[in-house]
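Residue numbers (the UniProt record's numbering): 1 to 168.
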Amino acid sequence: MVEIEKNCEDVKRSNDECGYAVAKKRVKLVGVFQILASIVIIGALFLGTFEGILQFTLACAFVLLNFIAGVTAIKGKVHLYWISIVNQLLQVVSFSVNGLEVNYSGIGGACLKVFWGDVSGFVFNAYVSPGFSIENYPESFTSGYIAIDVLALIFIAALLTARKKNIS
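Here you go:
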């Protein structure tokens, strides 16, 4: 009986170690995407995609945020996973309401979007579009949208799972 309990404990420990290894690999993948995003945003900076001092400054901040988040995720610095989580949280919601449009994505995303105006509806779209936009149009629009980036939510789940497995 004691031997069976010992074997059960060994199997449980093995499953826990396997689960942690999978979680670490997922976090490293998130880190690779964040490093890639910083490189792509640097490329956009050199192409002159961002106009004005505010957009240029924000682009530099997002390059730094993605780079630091990516490096800490790849190196497995669990106590710094919050940087990656903040980076992903900034990407979860994008919207356009009354002439104000806000959107941030590392290198792209997969969004569930609700839109309204002359035509209203619900769509799912995946895109590759690095960077961000903050636009405040002088005229008010009757159309708009709210989008939730499912990919960012998946990345957050991977980070939180790995963090929890490391802590417990």
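Ideal Cβ positions, reconstructed from N, Cα and C, are used throughout, including at glycine. This structure is a prediction, so every number in the text was calculated from the model and none was measured.
Helix, strand or coil at residue 143 [DSSP, three-state]:
coil
Measure from the alpha carbon of residue 160 to the alpha carbon of each residue in 80, 93, 98, 124, then state which is nearest.
80
Considering Cα atoms alone, identify which of 64, 54, 46 is closest to residue 174.
Nothing about residue 174 can be read from this structure; the chain reaches only from 1 to 168.
Alpha-carbon spacing of residue 24 relative to residue 33, whole angstroms:
14 Å
Going by the DSSP bridge assignment, what does residue 112 pair with across the sheet?
124, 148
When we look at the beta-carbon of residue 168 and count the other beta-carbons within 10 Å, is it buried (16 or more) or exposed?
For residue 168, the pLDDT reaches just 44, beneath the cut-off of 50, and the residue's location in the model is therefore unreliable, although a value from the coordinates is still provided. So residue 168 ends up on the exposed side.
Status (buried if at least 16 other CB within 10 Å, exposed otherwise) for residue 140
exposed
Please determine if the segment 39–50 and the segment 113–120 are in contact, where contact requires at least 3 C-beta pairs separated by less than 8 Å.
no
Between residue 153 and residue 102, how many whole angstroms is the CB-CB distance? I'm expecting something under 8 Å.
Wrong, their Cβ atoms sit about 18 Å apart, outside the cutoff.
Which listed residue (87, 105, 26) has its alpha carbon closest to that of residue 95
105
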